[in-house]
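Colleague: Here the sequence shown stands for residues 7 to 317, numbered as in my numbering.
Sharing a structure here in structure tokens format.
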Amino acid sequence: PVRLLLDVDPGHDDALAILTAAGLPGVEIAGITTVGGNQTLEKVTRNALAVATVAGLEGVVVAAGCDRPLVSGAVLTDSETHGASGLDGPVLPEPTVALDPRHGVDVIVETVMAAEPGTLTLVPTGPLTNVAAAVRREPAIAGRVAEVVLMGGGYTKGNVTPAAEFNIYTDPEAAHIVFTAPWRVTMVGLDLTHQALATPEVRERFAGMGTRAGDFVVDMLDFFGPAYLAKQGFASPPVHDVCALVRAVVPDIVRVRPGHVDVELHGQHTRGMTVTDLRGREGRDLDHLVATDLDVPRFWDLVTGAVARLP
Ligand code: BDR
Ligand code: CA
Numbered sequence: 007p008v009r010l011l012l013d014v015d016p017g018h019d020d021a022l023a024i025l026t027a028a029g030l031p032g033v034e035i036a037g038i039t040t041v042g043g044n045q046t047l048e049k050v051t052r053n054a055l056a057v058a059t060v061a062g063l064e065g066v067v068v069a070a071g072c073d074r075p076l077v078s079g080a081v082l083t084d085s086e087t088h089g090a091s092g093l094d095g096p097v098l099p100e101p102t103v104a105l106d107p108r109h110g111v112d113v114i115v116e117t118v119m120a121a122e123p124g125t126l127t128l129v130p131t132g133p134l135t136n137v138a139a140a141v142r143r144e145p146a147i148a149g150r151v152a153e154v155v156l157m158g159g160g161y162t163k164g165n166v167t168p169a170a171e172f173n174i175y176t177d178p179e180a181a182h183i184v185f186t187a188p189w190r191v192t193m194v195g196l197d198l199t200h201q202a203l204a205t206p207e208v209r210e211r212f213a214g215m216g217t218r219a220g221d222f223v224v225d226m227l228d229f230f231g232p233a234y235l236a237k238q239g240f241a242s243p244p245v246h247d248v249c250a251l252v253r254a255v256v257p258d259i260v261r262v263r264p265g266h267v268d269v270e271l272h273g274q275h276t277r278g279m280t281v282t283d284l285r286g287r288e289g290r291d292l293d294h295l296v297a298t299d300l301d302v303p304r305f306w307d308l309v310t311g312a313v314a315r316l317p
């Protein structure tokens, strides 16, 4: 099985990533940690517990991590895209999954250190605050995880600013720590995730399931779609975070190229930009992987197939 530790800020696309992970055969969720991002830590943690409940993840550790970026003030939040709750649209069930009392950063460190080396993949789909704090707290986790497959950044564009993507822009210092730690990072950024559009046809596939999880996704898309149209001008919304999850589980659905990513920390117009070298002509090691192309039909078959397996 593929063992995953999900670090999330749900968030509609984070929620769909959790549901997909829960429904995919051969995936074991070793834990879910939350981080302030799309909404406050309190709200995204409540959402994570509700989504874990819909996914039937009783017994899976869910723990709350950091509530704000390492350096840059308060969490940004994005109510326009994700609503006041962070997950507007569906009616959230009372969670039957309990919150683990440990800090999310401790859960990341303890879970990685308890796993056999090379058997656990970290999938961060929010700001990188928890992951950065964890690798500072216990640098040995860098040598023990199989890899880090994150949603964030992009090599040609941003979404909060022309240069920077939300997860990286929220906590650029944390992103810098994650991209410079000695582990393999795969950046699943906007260039890739803008190919994963939840079209009306995709929505119909969820609607046709006639299950609680299928209906939950439809209710999410019916908020997220119009919100994405209003804020970013997309006819159909991109489900960013699901792309990182899928890359971690079925790598060949997401094509990658070797590259080197530096996070811009000081630029007046470019703070939070993931400056990506795909050429390697000035002596940088192309030590990261950068996602470029999505196999769209296989992606949606996998995601809808996974959600269809849930109650
Ligand atoms: C990222 O920001 C959030 O709005 C989404 O959940 C995703 O992780 C996309 O820029
Ligand atoms: Ca997210």
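Yeah, the Cβ is synthetic: ideal placement off N, Cα and C, and Gly gets one too.
Would you list the residues sitting across from Ile35 in a DSSP beta bridge?
Modeller: According to DSSP, Ile35 bridges with Leu10.
Colleague: Could you check if Met157 belongs to the surroundings of ligand 1, using beta carbon to heavy atom distance under 7 angstroms?
Modeller: The answer is yes for Met157.
Colleague: Would you kindly report the start and end of the unbroken alpha helix (DSSP H) that includes Asp112?
Modeller: Here the alpha helix (DSSP H) through Asp112 covers 110 to 120.
Colleague: So which of Thr87, Glu210, Ser78 has the shortest CA-CA distance to Ala329?
Modeller: With the chain covering 7 to 317 only, the question about residue 329 has no answer from this structure.
Colleague: By how many angstroms is the C-alpha of Leu126 removed from the C-alpha of Glu144?
Modeller: When rounded, the distance between both Cα atoms is 16 angstroms.
Colleague: Is any heavy atom in ligand 2 found nearer than 7 angstroms to the beta carbon of Asp268?
Modeller: Not under cutoff, so the answer is no.
Colleague: Taking the alpha-carbon of Ala27 as reference, which of Asp84, Ala254, Pro99 has the nearest alpha-carbon?
Modeller: The option with the nearest alpha carbon to Ala27 is Ala254.
Colleague: Rounded to the nearest angstrom, what separates Leu292 and Ala148 at their Cα positions?
Modeller: Answer to the nearest angstrom: the Cα atoms are 18 angstroms apart.
Colleague: Going by the beta-carbon positions, is the gap between Ser78 and Asp13 smaller than 8 angstroms?
Modeller: Not in contact: Ser78 and Asp13 (Cβ atoms no closer than 8 angstroms).
Colleague: Specify the secondary structure class of Asp94 as computed by DSSP and reduced to three states.
Modeller: In the structure shown, Asp94 sits in coil (DSSP, three-state: anything other than H, G, I, E or B).
Colleague: Going by other Cβ atoms of all chains shown within 10 Å of its Cβ, with 16 needed for buried, is Pro264 buried or exposed?
Modeller: When all chains shown are included, Pro264 counts as exposed.
Colleague: Shorter than 7 angstroms, the distance from the beta carbon of Gly95 to the closest heavy atom of ligand 2, or not?
Modeller: No - ligand 2 has no heavy atom lying nearer than 7 angstroms to the Cβ of Gly95.
Colleague: Pick from Thr205, Val224, Gly17: whose alpha carbon is nearest that of Gly89?
Modeller: Of Thr205, Val224, Gly17, the residue nearest in Cα terms is Gly17.
Colleague: Using the DSSP secondary-structure output, state which residues sit across from Arg285 in a beta bridge.
Modeller: Arg285 is not bridged to any residue.
Colleague: Within 10 angstroms of the Cβ of Arg287, are there 16 or more other Cβ atoms? Answer buried if so, exposed if not.
Modeller: Arg287 is exposed by the Cβ-count criterion.
Colleague: Answer yes or no: the CB of Thr280 versus the heavy atoms of ligand 2, is any distance below 7 angstroms?
Modeller: No - ligand 2 has no heavy atom lying nearer than 7 angstroms to the Cβ of Thr280.
Colleague: Less than 8 angstroms between the CB atoms is what I'm expecting for Gly164 and Asp197, so what's the real figure, rounded?
Modeller: Their Cβ separation, rounded to whole angstroms, is 11 angstroms, which puts Gly164 and Asp197 out of contact at 8 angstroms.
Colleague: Closest to Leu11 by C-alpha separation, out of Val97, Pro96, Gly110, would be which residue?
Modeller: Cα-wise, what sits closest to Leu11 is Gly110.
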